[in-house]
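In this note's numbering, the protein residues as written are 465 to 714. Just so you know, even glycine gets a beta-carbon here, dropped at the ideal spot from N, CA and C. Predicted model only: the values in this text are computed from it and were never measured. Reviewing the structure listed below.
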Amino acid sequence: FALAMHPRTRPLGAMALTMTIVVGALSAASTGAAAGIALSLVLSILAGGAVVYLAFAALPGPPPPPRAAEADDLSDPAPGPVPVAFRALLATLVMLPLHLWLTADGGVAAMPVLFTCSAMLRQPGVTASLQDSLTRLAGTAAGGVAASAVHAVSLMHGEATLALAMVLCVSLFFAWRMSAGALQAQVWMPGFVTFLALYGMTLSPTLGGDEIAASERLGQVFAGALYTVAAVSLLAGPARRLTARRRRPA
Numbered sequence: 465f466a467l468a469m470h471p472r473t474r475p476l477g478a479m480a481l482t483m484t485i486v487v488g489a490l491s492a493a494s495t496g497a498a499a500g501i502a503l504s505l506v507l508s509i510l511a512g513g514a515v516v517y518l519a520f521a522a523l524p525g526p527p528p529p530p531r532a533a534e535a536d537d538l539s540d541p542a543p544g545p546v547p548v549a550f551r552a553l554l555a556t557l558v559m560l561p562l563h564l565w566l567t568a569d570g571g572v573a574a575m576p577v578l579f580t581c582s583a584m585l586r587q588p589g590v591t592a593s594l595q596d597s598l599t600r601l602a603g604t605a606a607g608g609v610a611a612s613a614v615h616a617v618s619l620m621h622g623e624a625t626l627a628l629a630m631v632l633c634v635s636l637f638f639a640w641r642m643s644a645g646a647l648q649a650q651v652w653m654p655g656f657v658t659f660l661a662l663y664g665m666t667l668s669p670t671l672g673g674d675e676i677a678a679s680e681r682l683g684q685v686f687a688g689a690l691y692t693v694a695a696v697s698l699l700a701g702p703a704r705r706l707t708a709r710r711r712r713p714a
């Protein structure tokens with residue numbers, strides 16, 4: 465969380481959090497699968513970085529718009545910024561119990577819940593966390609519906625070529641919507657991740673198989689978002705007061 469909240473190491477921290485969630489959740493079901501996926505994630509990050517670099521080198525896009533200054537705080541009406549280390553500690557206190565509870569019985573299918581909560585905890589304030597939760601809920605719903613539809617058609621026909629074609633078409637649709645702008649990407653990027661995660665889980669008996677229900681995952685994401693907002697709201701006040709006392713001159 466400290467890496468993800470620091471401006472210079474934000475992408476690295478986001479990747480580290482994603483790997484921690486995936487490997488930690490998988491280890492609750494199968495340590496062998498967790499070790500294998502850890503190596504696959506490292507190789508995928510290296511390969512993905514190389515592909516993205518080459519793609520932008522060959523087809524450079526427009527320059528990004530100037531970014532507005534972000535408030536570095538846990539709540540909106542803040543008198544001063546909360547240190548990154550303190551924010552990371554509070555985010556860990558909120559995230560760790562949820563992670564342990566969801567993965568205690570091998571609940572690998574709860575990974576979208578943990579992804580949502582970790583993204584919300586990286587937001588600069590409570591209002592931003594609420595907005596992020598709404599966009600991610602919408603994206604998760606779209607990804608869950610797409611995963612359920614592809615899985616249902618695949619079961620009816622049982623043809624790998626058809627399943628591959630449907631995954632390709634859905635992926636192209638999500639990519640088209642994500643490229644429409646930053647606001648669209650906030651909705652469709654989590655939806656694409658949810659689609660790949662849920663549909664991929666249906667292909668593995670170790671990770672849940674046919675027992676995974678998109679509606680159940682959506683309900684878990686909603687409950688996790690409410691838990692995160694409530695926990696941040698409770699901890700924001702004491703965090704502000706504590707850091708304000710430390711800044712007062714002796």
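Query	Result
Contact under 8 angstroms by Cβ, Tyr663 with Val609	no
Whole-Å CB distance - Met653 paired with Gly688, under 8 angstroms assumed	Contact doesn't hold; Cβ gap of about 18 angstroms is too wide.
Outcome for Leu585 when other beta-carbon atoms lying within 10 angstroms are tallied against a minimum of 16	buried
Leu566 versus Val685: straight-line alpha-carbon distance, rounded	11 angstroms
Span separating the alpha-carbon of Gly673 from that of Pro475	Below a pLDDT of 50, predicted positions are generally treated as unreliable, and Gly673, at 48, falls in that range; the measurement from the model is reported next regardless. One C-alpha to the other measures close to 31 angstroms.
Buried or exposed (CB count within 10 angstroms, at least 16 for buried), Thr625	exposed
Identity of the residue in Leu699, Leu490, Ala639 and Arg472 nearest Pro576 by Cα	Leu490
Beta-carbon proximity list for Ala627, same chain, < 6 angstroms, skipping 5 on both sides	Ser618
Exposure of Met620, with buried meaning 16 or more beta-carbon neighbours within 10 Å	exposed
Glu675, buried or exposed, once every other Cβ within 10 Å from all chains shown has been counted against 16	Low per-residue confidence applies at Glu675: pLDDT is 47, beneath 50, and the placement is therefore not dependable, though the value from the model is reported in the following sentence. Under this definition Glu675 is an exposed residue.
Nearest candidate by alpha-carbon position, reference Ala725, set Leu503, Ala498, Ser582 and Ala522	The structure shown does not extend to residue 725, since the chain is modelled only from 465 through 714, so no value can be given for it.
From Ala468, Gly683 and Thr666, residue whose alpha carbon lies closest to that of Thr556	Ala468
Burial state of Thr666 (16 or more Cβ within 10 Å)	buried
Helix, strand or coil at Ser643 according to DSSP, with G and I counted as helix	coil
Beta-carbon proximity of Val558 to Gly607, cut-off 8 angstroms	no
Distance, Ala466 Cα to Thr495 Cα	27 angstroms
Distance between Arg551 and Ala629 (C-alpha atoms, nearest Å)	44 angstroms
Separation of Ala514 from Arg659, as counted between CA atoms	A quick correction: the sequence has Phe, not Arg, at residue 659. Answer to the nearest angstrom: the Cα atoms are 24 angstroms apart.
Close-in-space but distant-in-sequence residues of the same chain around Gly477 (CB under 6 angstroms, 5 per side omitted)	Leu467 and Ala468
Simplified DSSP state of Thr567, which is helix, strand or coil	coil
Beta carbon of Val486 nearer than 8 angstroms to that of Leu505	yes
Same chain, Cβ closer than 7 angstroms to Gly655, neighbours up to 5 away in sequence not counted	Gly603, Thr604, Ala606, Gly607 and Phe638
Residue range of the unbroken alpha helix (DSSP H) whose run includes Leu467	Ala466 to Met469
Alpha-carbon to alpha-carbon, Tyr691 and Met483	22 angstroms
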